[in-house]
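Chemist: First residue of the sequence shown: 5, per our numbering; consecutive thereafter. A virtual CB, placed ideally from N, CA and C, is assigned to each residue, including glycine. Because the structure is a prediction, the values reported are computed rather than measured. Below is the structure I would like to discuss, written out as structure tokens.
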Amino acid sequence: MIGPEGTPQSARTRVGVAQIRERLATDSRIDRDAVKAMLFADRNGMADLLRDDLVARCRATPLVAGADGKPVDLAKACTILAAWDGRDHSSSVGAFLFRRWLERLSFAPSFWRVPFDPAQPLATPRGIAVTDTEALPALAATVAAITAEGLAIDAPLGAVQYVERGGERIAVPGGPTPFTYNVMDMSAVPGRGYVDPVLSGATYVAVIGFEGGQMRADAILASGQSSDPASPLHIDGVRRFSTGNWRRLPFTPAEVEAQAVGPAIELNR
């Protein structure tokens, strides 16, 4: 693998490496099931770095002046973040609030409690500096903005991150590229959340392994195989991605024949 050296790594890179290290600490191998579990763990890397400090800060100072100078009560927001599972599952309560808070931060060098150290690229930067004056006002502004949009700060992520296909609303897991291992960059629409169009993220995901001398491949085509809304293949992919329902791909001639949906077409140059 090739990438920049001597520079801060994204939270996504860091949480990806962390998951591999954690797996290898308990097992000498990483099989297909382990890789699939890592993807749909939907682990939010920024939660690992900042959530505990943010909760401690808002518990110590639950009332913070808003943009209009009036106090904003952060007690409920603090409780939500403390109980959050640190994931971007569709069912996760707190993921939406945390992401909206992250979107307001500058991440200036002075923000971090432990600054970036090139010798420790996977452990730094982390935490909120004791001298920081940005975190709590940003949380107060986040609470005020979400409430003003008519949304709930304790909304499960799937209630505010979804796609609509054929009149059906389908919740999708994952989060923005810099923060979450399972990437799902969505358009932010005030009053609705993160909805179509999908800007970037999982499209075709596949995990391939070799077992007993045979190749085994599981995959999901999140975008679906057809752009025709009337086709059953228009919506099946996003449904599978929504629930982490992998499809076993055919590989041997017998498997290909068993899954054929029509006659073979021979292409000639």
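Could you compute how far the alpha carbon of F183 sits from the alpha carbon of I24?
Modeler: Between F183 and I24, the C-alpha separation is close to 17 angstroms.
Chemist: Below 7 angstroms between beta carbons: does that hold for F245 and A226?
Modeler: Taking 7 angstroms as the Cβ cut-off, F245 and A226 qualify as a contacting pair.
Chemist: Residues in its own chain within less than 6 angstroms of L253 by CB, not counting five upstream and five downstream?
Modeler: Same-chain partners within the cutoff: A221 and A223.
Chemist: When you compare each of E172, G197, R130 and A148 to S14 by their alpha carbons, which one comes out closest?
Modeler: For S14, the nearest C-alpha among the options comes from R130.
Chemist: Enumerate in chain order the residues of its own chain whose CB-to-CB distance from T135 is below 8 angstroms, with the five nearest sequence positions on each side excluded.
Modeler: Correct list, in chain order: S114.
Chemist: Whole alpha helix (DSSP H) runs in the stretch 172–252 with 4 or more residues, listed along the chain?
Modeler: Qualifying alpha helix (DSSP H) stretches, in chain order: 240–247.
Chemist: Measuring alpha carbon to alpha carbon, tell me which residue in S95, P12 and L143 is nearest R63.
Modeler: Answer by Cα proximity: L143.
Chemist: Taking the alpha-carbon positions, what's the V167 to L203 distance?
Modeler: So the alpha carbons of these two residues sit roughly 12 angstroms apart.
Chemist: My guess is that G162 and R103 are in contact by the Cβ rule of under 8 angstroms, so how many angstroms apart are they, rounded?
Modeler: Rounded, the Cβ-Cβ distance is 13 angstroms, inconsistent with contact.
Chemist: On the DSSP bridge list, what partners appear for L67?
Modeler: In the DSSP output, where bridge partners are listed per residue, L67 has D77.
Chemist: I want to know whether the stretch 139–154 touches the stretch 71–78 - three or more CB-CB distances under 8 angstroms.
Modeler: They touch, by the three-pair rule.
Chemist: Is D57 near the ligand GTP, judged by its Cβ being under 6 angstroms from some heavy atom?
Modeler: Summarising the ligand content, the structure contains no ligands, and the ligand GTP is consequently not present.
Chemist: Can the beta-carbon of Q165 be found less than 7 angstroms from the beta-carbon of Y208?
Modeler: Taking 7 angstroms as the Cβ cut-off, Q165 and Y208 do not qualify as a contacting pair.
Chemist: For my contact list, A206 and N186 are in at a C-beta cut-off of 8 angstroms; report their separation, rounded to the angstrom.
Modeler: Confirmed, Cβ separation roughly 7 angstroms.
Chemist: In this structure, how does DSSP classify E168 when only helix, strand and coil are distinguished?
Modeler: Here E168 sits in strand by DSSP.
Chemist: For G7, name the three-state secondary structure that DSSP assigns.
Modeler: DSSP places G7 in coil when its eight states are reduced to three.
Chemist: In terms of alpha-carbon separation, which member of L271, M190, D52 and I132 lies closest to S117?
Modeler: Here residue 117 turns out to be Arg, not Ser, going by the sequence shown. Closest by alpha carbon: I132.
Chemist: How far does the alpha helix (DSSP H) with R18 in it extend, from its first residue to its last?
Modeler: Note, R18: alpha helix (DSSP H), A15 to T30.
Chemist: Could you have a look at V97 and say whether DSSP puts it in helix, strand or coil?
Modeler: Strand, per DSSP.
Chemist: Tell me the residue span of the beta strand (DSSP E) that contains V39.
Modeler: Per DSSP, V39 belongs to no beta strand (DSSP E); it is in the alpha helix (DSSP H), R36 to L43.
Chemist: With DSSP collapsed to three states, give me the class of P141.
Modeler: It is helical.
Chemist: For V260, report the span of its alpha helix (DSSP H) as first-last.
Modeler: Counting along the chain, the alpha helix (DSSP H) containing V260 begins and ends at P257 to A262.
Chemist: Since R80 contacts W250 with CB under 8 angstroms, what's their CB separation in whole angstroms?
Modeler: Looking at the sequence provided, one finds Lys at residue 80 rather than Arg. With 8 angstroms as the limit, K80 and W250 do not qualify as a contact, their Cβ atoms being about 37 angstroms apart.
Chemist: On the CB-based measure, 16 or more other CB atoms within 10 Å of its CB, does W99 come out buried or exposed?
Modeler: The question names Trp, yet the displayed sequence has Ala at residue 99. Burial call: buried.
Chemist: Per the DSSP calculation, V274 is bridged to which residue(s)?
Modeler: Here the chain covers residues 5 to 273 and nothing more, so residue 274 does not appear.
Chemist: If you compare alpha carbons, which of G171, G170, A175 and R169 is closest to A159?
Modeler: Among G171, G170, A175 and R169, the Cα nearest to that of A159 belongs to A175.
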